[in-house]
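S.K.:
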Amino acid sequence: MKRRIEIGILYSRSGSYQLVSDACRMGAMRAIADINADRGSGIELVPVERDPQSNADRYATLCEDIFKTSSARHVVGCVTSWSRKETIPVLEKAGGMLWYACPYEGFEANEHVVYMHACPNQHLVPLMAHVVPRFGANGFLLGSNYIWGWEMNRVARDLIADAGGKVLGERYLRIGETDVSRLIGEIRATRPSFILNNLIGTSSYAFLADYRRLGDEDAAFRPENCPVISCNLTEGELPAIGETGRGHLSVGPYFAPRPAAFASSFEASAYASVQVMADVLSRNPEAGPGEFSKAFAERRFSTRLGPIVIDANTQHATLPVIIGRIADGFFEVVSREDEVAPDPYLSRYDPARTFGRPRLRVVS
Amino acid sequence: MTRTPRIPNLGGARAFILHRPHPTVQAITRQLSAIGLIALDCWPELPPGALAADFVFFDADLGFDEQFPWKAGEAPMPLVALIGSEAPGRIEWALSHKADAQLLKPVGTAGVYSALLIARQSFEARKHLAGEIASLRQRVAERQTIVRAVAALSKGSDDERAYAQLRSLAMSWQISVEDAARRIVAMTDEEATSGEGGDDQSHRA
Chain A
0 MKRRIEIGIL YSRSGSYQLV SDACRMGAMR AIADINADRG SGIELVPVER
50 DPQSNADRYA TLCEDIFKTS SARHVVGCVT SWSRKETIPV LEKAGGMLWY
100 ACPYEGFEAN EHVVYMHACP NQHLVPLMAH VVPRFGANGF LLGSNYIWGW
150 EMNRVARDLI ADAGGKVLGE RYLRIGETDV SRLIGEIRAT RPSFILNNLI
200 GTSSYAFLAD YRRLGDEDAA FRPENCPVIS CNLTEGELPA IGETGRGHLS
250 VGPYFAPRPA AFASSFEASA YASVQVMADV LSRNPEAGPG EFSKAFAERR
300 FSTRLGPIVI DANTQHATLP VIIGRIADGF FEVVSREDEV APDPYLSRYD
350 PARTFGRPRL RVVS
Chain B
0 MTRTPRIPNL GGARAFILHR PHPTVQAITR QLSAIGLIAL DCWPELPPGA
50 LAADFVFFDA DLGFDEQFPW KAGEAPMPLV ALIGSEAPGR IEWALSHKAD
100 AQLLKPVGTA GVYSALLIAR QSFEARKHLA GEIASLRQRV AERQTIVRAV
150 AALSKGSDDE RAYAQLRSLA MSWQISVEDA ARRIVAMTDE EATSGEGGDD
200 QSHRA
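Chains A and B are the protein sequences, given in the same order.
Going by numbering that gives the first Met the number 0, the residue at position 141 of the first sequence is 140; the numbering climbs one at a time, nothing skipped.
Going by numbering that gives the first Met the number 0, the residue at position 53 of the second sequence is 52; the numbering climbs one at a time, nothing skipped.
See below:
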């Protein structure tokens, strides 16, 4: 007889970043189904699901609702950092734990959150280190108007300065805004070496479409000359982006091979979250934060993403860092580094190691 | 032009937590090591190594002056007060040590990062201001010297021209007006003591 354990699922089923949300939910649900079907596993996971409908204010109340109406103490959920930060006080009050399967901007290490996707030393820093020597150091920074974009661009400004470049513009759009004509005009005028895209969902798709048109008019803005680089773009959004994304770059812990076990890193990371959680709970169904912390310190977890280590200090996962270029409906791998330990506060960031010696300019 | 660094470089910094063994110490230690600092706890005294610490967190509830190897208010690094009881006497004592930031007890899962950044910034600002005030004080104290130097240069005639001369001397010697005045006063005193009519050209600019 399997022991039933309820777990919360907190993903929006509608709204402007629904594709990402659906990918995460799919990963969590697939993992639950696989664990329940596994006769060797002593536990049966019962999802307790709530849908915040992409409304940041509903995450905390719905998370609280999960804790009040079920025995669940673990929640897999949240896509935006805004929603994660809204949820944390509820987790602290209830002694719950959030398994967060999305890349985020770093500078957080809450005991009640397990960070299963990349933080800046696993996305932005290696991506910039790749881009600067190939395209140049002058960046144009874009973001949706909330914490992800603000904090990512803030770190990017520092990285660009360390690389000897200039920030040629920094612009924010309201989440869901699709009028990007002014951004395109400013990029055309300032001619950056690359564009850091922290727009999310529909804003990001609208930007890529218009940027493609700009590249058709002026070759300086084709991806081989001035790429759009992202830290959160995955296969899950390629259908919405279509042909306009081709050639641009993204970074993540997983890009789907063909044929693929998972459609995107969001799905893979949510799947791995449930696997690690189930692994600890199947040995001790009563495991609380202390037992989880002990398990993180002592163990490697075997997941469908490969072996995973979770740093007990920060509760962030050690992950591969893969840079991918958008091809025809998938990402070609441009570079790969395995087992990059998390450094959410960039305490070990070293400009000299990241960008090499200061770039010398030719003086004529 | 100076650029404000946006990636605060806290990796490997050393923080002492002056607090009796308590869950508060564990909560702070956990946050410090997550951020990348080396946390060292001690009670009731700060060990000699604390003099080279980058931060000191101290208990405002049970703390006392003799715990610190420096005079109250003269800590050579940013201090963070750990305040439990908000008794006015204890707050007054924490203030006498010029804590640069504070954390309320019980310490939960957050707060240390902002305390570190705030403490460091206000410590730096305080140090900078203190340096500026000291140099201004010193200059104010030289008022009399300037008056004496101007009097010596004008020899009782045109004060304005004498002051302009003092300034141009300071400029050509590449020192402050106060230092130039001190030099002139010293020369004048020397001339006065080296006998009547002694006009040592070698000291003239």
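Beta carbons: idealized from backbone N, C-alpha and C, even for Gly.
(1) Taking only runs that begin and end inside the region 76–122 of chain B, name each unbroken beta strand (DSSP E) of 3 or more residues, in chain order.
(2) Please state whether the Cβ-Cβ distance between ILE132/B and VAL176/B is less than 8 angstroms.
(3) From ARG153/A to GLY130/B, what distance separates their C-alpha atoms?
(4) Please state the DSSP three-state secondary structure of GLY246/A.
(5) Between which two residues does the beta strand (DSSP E) harbouring SER229/A extend?
(6) By how many angstroms is the C-alpha of LEU128/B removed from the C-alpha of TYR162/B?
(7) Among ASP99/B, ALA93/B and ARG138/B, which has the Cα closest to the Cα of PRO75/B?
(8) With a threshold of 8 angstroms, are at least 3 pairs of Cβ atoms found where one atom belongs to the region 319–335 of chain A and the other to the region 48–61 of chain B?
(9) Given this structure, state the Cα-to-Cα distance separating LEU94/B from GLY110/B, to the nearest angstrom.
(10) Mark PRO43/B as exposed unless 16 or more other C-beta atoms lie within 10 angstroms of its C-beta, in which case mark it buried.
(11) Report the residue ranges of all alpha helix (DSSP H) runs contained in full by the region 130–196 of chain B; include only those spanning at least 4 residues, in chain order.
(12) Short check: CB of ILE228/A to CB of ASN196/A, under 8 angstroms?
(13) With the cut-off set at 8 angstroms, would you say PHE193/A and PRO226/A are in Cβ contact?
(14) Measure from the alpha carbon of VAL55/B to the alpha carbon of each residue in GLN173/B, LYS97/B, PRO22/B and ALA191/B, then state which is nearest.
(15) Rounded to the nearest angstrom, what separates ARG3/A and ALA277/A at their Cα positions?
(16) Taking 8 angstroms as the cut-off, does the region 58–73 of chain B touch the region 11–26 of chain B (at least 3 CB pairs, one atom from each stretch)?
(17) When the Cβ atoms of the region 205–216 of chain A are set against those of the region 177–186 of chain A, are three or more pairs found closer than 8 angstroms?
(18) In the structure shown, what three-state DSSP assignment does PRO20/B receive?
(19) For the candidate residues MET96/A, GLY251/A, CYS230/A and GLY41/A, whose alpha-carbon lies nearest to that of GLU63/A?
(20) Ends of the alpha helix (DSSP H) at TRP149/A?
(21) Leaving out the 5 sequence neighbours to the left and right, which residues in its chain are closer than 8 angstroms to PRO306/A when beta-carbon positions are compared?
(22) Taking three-plus beta-carbon pairs below 8 angstroms as touching, is the region 164–180 of chain A in contact with the region 29–42 of chain B?
(23) With DSSP as the reference, label ALA71/B as helix, strand or coil.
M.R.: On the basis of the coordinates in this document:
(1) 78–82 and 100–103
(2) As a working note, residue 132/B is residue 133 in the second sequence. As a working note, residue 176/B is residue 177 in the second sequence. Against a cut-off of 8 angstroms, the Cβ pair of VAL176/B and ILE132/B comes out as no contact.
(3) By 1-based counting over the first sequence, the position of residue 153/A is 154. By 1-based counting over the second sequence, the position of residue 130/B is 131. So the two alpha carbons sit approximately 31 angstroms from each other.
(4) The sequence position of residue 246/A within the first sequence is 247, counting from 1. Three-state DSSP puts GLY246/A in coil, outside helix and strand.
(5) Locating residue 229/A in the first sequence gives position 230, where the first residue counts as 1. 227–229 is the span of the beta strand (DSSP E), which, as asked, contains SER229/A.
(6) In the second sequence, residue 162/B corresponds to position 163, counting from 1. In the second sequence, residue 128/B corresponds to position 129, counting from 1. So the alpha carbons of these two residues sit roughly 29 angstroms apart.
(7) Translated into the one-based positions of the second sequence, residue 75/B becomes position 76. Comparing Cα positions, the closest option is ASP99/B.
(8) no
(9) Against the second sequence, residue 94/B aligns to sequence position 95. Against the second sequence, residue 110/B aligns to sequence position 111. When rounded, the distance between both Cα atoms is 20 angstroms.
(10) Start at 1 with the first residue of the second sequence, and residue 43/B comes out as number 44. Looking at its Cβ environment, which holds fewer than 16 other Cβ atoms inside 10 Å, PRO43/B is exposed.
(11) 142–153, 158–172 and 176–192
(12) In the first sequence, the residue the question calls residue 228/A occupies position 229. In the first sequence, the residue the question calls residue 196/A occupies position 197. Yes, the pair counts as a contact, with Cβ atoms nearer than the cut-off.
(13) For the purposes of this step, residue 193/A is taken as residue 194 along the first sequence, with counting starting at 1. For the purposes of this step, residue 226/A is taken as residue 227 along the first sequence, with counting starting at 1. Yes, the Cβ-Cβ distance between PHE193/A and PRO226/A is below 8 angstroms.
(14) Here residue 55/B is taken as the residue at index 56 of the second sequence, counted from 1. Nearest option by C-alpha distance: LYS97/B.
(15) Against the first sequence, residue 3/A aligns to sequence position 4. Against the first sequence, residue 277/A aligns to sequence position 278. Looking at the two C-alpha atoms, the distance is approximately 11 angstroms.
(16) yes
(17) yes
(18) Residue 20/B sits at position 21 when you count from the first residue of the second sequence. PRO20/B falls in the coil class under three-state DSSP.
(19) Taking the first sequence and counting its residues from 1, one reaches residue 63/A at position 64. Checking every option, the nearest Cα to that of GLU63/A belongs to MET96/A.
(20) On the first sequence, residue 149/A is found 150 positions in, with the first residue counted as 1. Segment 146–161, the alpha helix (DSSP H) holding TRP149/A.
(21) What you label residue 306/A is simply residue 307 of the first sequence in a count that begins at 1. Counting only Cβ-Cβ distances below 8 angstroms, and skipping sequence neighbours, we find ARG299 and PHE300.
(22) no
(23) Residue 71/B sits at position 72 when you count from the first residue of the second sequence. Looking at ALA71/B - three-state DSSP - the assignment turns out to be coil, as it is neither helix nor strand.
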